[in-house]
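Whatever position you read off the sequence shown (first residue = 1), add 103 for the working numbering.
Scroll down for the structure; my scribbles are underneath it.
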Amino acid sequence: MDEKLVIKAVKALQKHVLVEQQNNKSQLFDDGEFIYLQIALKKIPVHQRKGKPQPITIPNRILPEDAEVCLLVKDPQKTYKVAVEENDVDSVKKVIGLTKLRKNYKTFEKKRNLCASYDIFMCDEDLIRMIPKVLGKPFYSKKKQPVVLKRLTTENLKSKVEESLNKTYMFVGYGHSLFIKIGRTDMEANEVSDNIVEGMKDIVKYFAKHKVSKRSDRPDYNIQFNTLDNVQSIHIKTSNSIALPIFNSLPEVGEGDEGDDDYQEEEEDDDIDLGDYEDYDEEEEEEADNFKDREFKKLTKSVLKKRKRNDNSQNKSNKKRKKANNDNDKQQSTPIKKKKTKKRASVDTYSPKLVKKTKKKMR
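Written out as structure tokens, the structure is:
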């Protein structure tokens with residue numbers, strides 16, 4: 104990567120942003136806009152945990168000095184709150200435990216407001232697998248996943264937070280392209296170029312650990328890249344500007360020559376000898392055409408017969424289904440006839456003679 108070309112591109116991008124800000128005075132920002140590094144890969148690498156922010160060391164800090172941090176910790180959260188106050192960690196504005204995060208931020212609106220109220224989120228290493236379900240879509244759509252603090256304790260809390268603020272982060276997805284915050288427009292061009300050159304070292308190291316995915320070319324999916332061999336192009340841009348190229352991979356010398364030789368060999372093979380066509384007869388050609396027509400007609404007839412059979416079988420099955428449905432409907436519609444039961448006559452309905460006879464028998 105040419106450092107001089109990087110500096111020229113950064114200066115041109117800064118001038119372009121200044122002109123746009125002068126034309127649109129309502130869109131002026133004190134801290135400047137973020138400069139993104141756009142990387143296009145040739146082959147997709149296999150990642151262990153997609154969506155997890157990968158730290159990248161840079162010499163110059165990108166985030167402003169008054170950046171607000173929200174710290175997500177395991178229970179009990181009082182121990183970490185006391186540690187923040189004792190160690191004077193001014194950047195940490197809020198500490199939230201896992202139980203309170205689950206209780207107080209259940210709805211989508213509350214999660215969205217929490218995501219917009221802080222610049223960066225950090226969490227303990229022990230909460231990596233639990234937090235994604237709790238935070239949900241608002242954080243991952245805006246790429247504000249919490250940064251992981253490894254081996255966090257109350258003693259090293261201040262140093263861990265400062266280290267993470269001085270780094271930038273790469274969010275690896277499922278495609279060929281990556282967007283990484285690498286600088287700001289209000290920084291000097293030399294500072295931004297240093298961030299790009301030093302940041303690419305960690306990016307290449309990350310891709311050297313992971314193999315290429317099976318979704319790309321089959322014979323090369325076991326290759327590991329230790330250099331920029333897997334990088335197709337690198338650009339820099341802001342959120343609303345044009346992408347300026349810094350690096351483009353070109354084909355190696357000799358690839359075009361081999362292709363030309365293959366093309367020439369194919370042309371030589373396609374040469375036609377007129378001697379093969381001296382004994383040409385029109386009658387033989389007509390017979391061949393007639394034979395083809397007959398075979399085609401036979402095939403069409405067989406295909407039509409098969410279609411008729413299939414149609415007939417389908418019609419029969421449909422008729423059987425209709426009959427079964429009609430029978431079921433009739434059974435449901437016809438009411439069940441109840442057996443008529445004769446009511447027993449009461450004692451009053453009997454004649455007085457029968458009453459006397461029954462009394463005598465009872466005696």
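Note that CB positions come from ideal geometry on N, CA and C, so glycine has one too.
Note that the structure is predicted; figures quoted are calculated from it, not measured.
With residue i as the anchor, note down where its alpha helix (DSSP H) starts and where it stops.
{"i": "His279", "result": "From DSSP, His279 is part of no alpha helix (DSSP H); its letter is neither H nor E."}
{"i": "Leu202", "result": "Per the sequence shown, residue 202 should be read as Thr rather than Leu. Taken as a continuous stretch (DSSP letters only), the alpha helix (DSSP H) holding Thr202 covers Leu201 to Asn207."}
{"i": "Leu217", "result": "Phe211 to Ala219"}
{"i": "Glu188", "result": "Lys181 to Glu189"}
Assign residue i to one of three DSSP states: helix, strand, or coil.
{"i": "Ser336", "result": "strand"}
{"i": "Val120", "result": "helix"}
{"i": "Asn343", "result": "coil"}
{"i": "Ile165", "result": "coil"}
{"i": "Met225", "result": "strand"}
{"i": "Pro455", "result": "helix"}
{"i": "Val198", "result": "strand"}
{"i": "Arg232", "result": "coil"}
{"i": "Asn351", "result": "strand"}
{"i": "Ile285", "result": "strand"}
{"i": "Ile306", "result": "helix"}
{"i": "Ile147", "result": "coil"}
{"i": "Asn126", "result": "helix"}
{"i": "Asp414", "result": "helix"}
{"i": "Val192", "result": "coil"}
{"i": "Tyr366", "result": "Any reading at Tyr366 must be qualified, since the residue scores a pLDDT of 42, below 50, and its modelled position is unreliable; the value itself is stated next. Of the three classes helix, strand and coil, the one that applies to Tyr366 here is helix, per DSSP."}
{"i": "Glu294", "result": "helix"}
{"i": "Asp105", "result": "coil"}
Please return the same chain residues whose Cβ sits closer than 6 Å to the Cβ of residue i, not counting the five positions on each side in sequence.
{"i": "Ser352", "result": "Gln335"}
{"i": "Ile110", "result": "Ala292 and Ser296"}
{"i": "Lys308", "result": "none"}
{"i": "Tyr183", "result": "Val176 and Val198"}
{"i": "Lys253", "result": "Glu228"}
{"i": "Ser280", "result": "Ala143"}
Residues in the same chain with beta-carbon distance under 8 Å from residue i, minus the five sequence neighbours each way, listed in chain order, please.
{"i": "Leu116", "result": "Ile138, Thr288, Ile339, Lys340, Thr341, Ser344 and Leu347"}
{"i": "Leu166", "result": "Asp222, Ile223 and Leu268"}
{"i": "Lys469", "result": "Any property of residue 469 remains undetermined from this structure, which presents the chain solely from 104 to 466."}
Terminal residues of the continuous beta strand (DSSP E) containing residue i?
{"i": "Tyr139", "result": "Phe137 to Leu144"}
{"i": "Thr160", "result": "Pro156 to Thr160"}
{"i": "Val172", "result": "Val172 to Val176"}
Going along the chain, which residues of its own chain have a beta-carbon closer than 7 Å to the beta-carbon of residue i, five neighbours each way excluded?
{"i": "Ile234", "result": "Leu175, Cys226 and Pro249"}
{"i": "Phe242", "result": "Cys218 and Gln248"}
{"i": "Ala112", "result": "Ile339, Leu347 and Ile349"}
{"i": "Asp305", "result": "Ile159 and Thr160"}
{"i": "Asp178", "result": "Gly200, Leu201 and Thr202"}
{"i": "Ser416", "result": "none"}
{"i": "Val237", "result": "Leu204 and Arg205"}
On a Cα-Cα basis, can you pick out the residue from the options that is closest to residue i?
{"i": "Ser267", "options": "Lys425, Asp430, Ser405 and Gln157", "result": "Gln157"}
{"i": "Lys245", "options": "Ser262, Ile337, Cys218 and Lys270", "result": "Cys218"}
{"i": "Arg164", "options": "Lys209, Thr271, Ile349 and Asn418", "result": "Thr271"}
{"i": "Glu136", "options": "Ala143, Leu144 and Glu123", "result": "Glu123"}
{"i": "Leu201", "options": "Asp430, Lys209 and Lys240", "result": "Lys209"}
{"i": "Gly286", "options": "Lys459, Lys114 and Lys206", "result": "Lys114"}
{"i": "Glu228", "options": "Arg410, Leu255, Asn127 and His119", "result": "Leu255"}
{"i": "Arg88", "options": "Gly239, Phe224 and Ser220", "result": "Since the displayed the chain opens at 104 and closes at 466, residue 88 lies outside it and no answer follows."}
{"i": "Phe282", "options": "Ile142, Lys263 and Pro455", "result": "Ile142"}
{"i": "Ala170", "options": "Asp178, Val195 and Lys459", "result": "Val195"}
{"i": "Thr160", "options": "Glu106, Met273, Ile199 and Asn428", "result": "Met273"}
{"i": "Glu258", "options": "Val185, Leu230 and Val251", "result": "Val185"}
{"i": "Asp193", "options": "Gln417, Lys425, Val264 and Asp105", "result": "Val264"}
{"i": "Glu294", "options": "Glu212, Lys425, Pro162 and Leu260", "result": "Pro162"}
{"i": "Cys173", "options": "Ser220, Lys422 and Pro455", "result": "Ser220"}
{"i": "Asn190", "options": "Gln180, Glu168, Lys203 and Leu260", "result": "Leu260"}
{"i": "Ser262", "options": "Asn421, Glu106 and Val187", "result": "Val187"}
{"i": "Leu144", "options": "Val251, Asn428, Gly278 and Val120", "result": "Gly278"}
Compare the C-beta of residue i with all C-beta atoms of chain B and state if any pair is closer than 8 Å.
{"i": "Ser420", "result": "The chain labelled as chain B is not found in the depicted structure, where only one protein chain is given."}
### Task
Identify every run of the alpha helix (DSSP H) within the segment 235 to 276, keeping only runs that are complete inside it and at least 4 residues long; order them along the chain.
Listed in chain order, the complete alpha helix (DSSP H) runs (minimum 4 residues) inside the segment 235 to 276 are 240 to 244 and 260 to 268.
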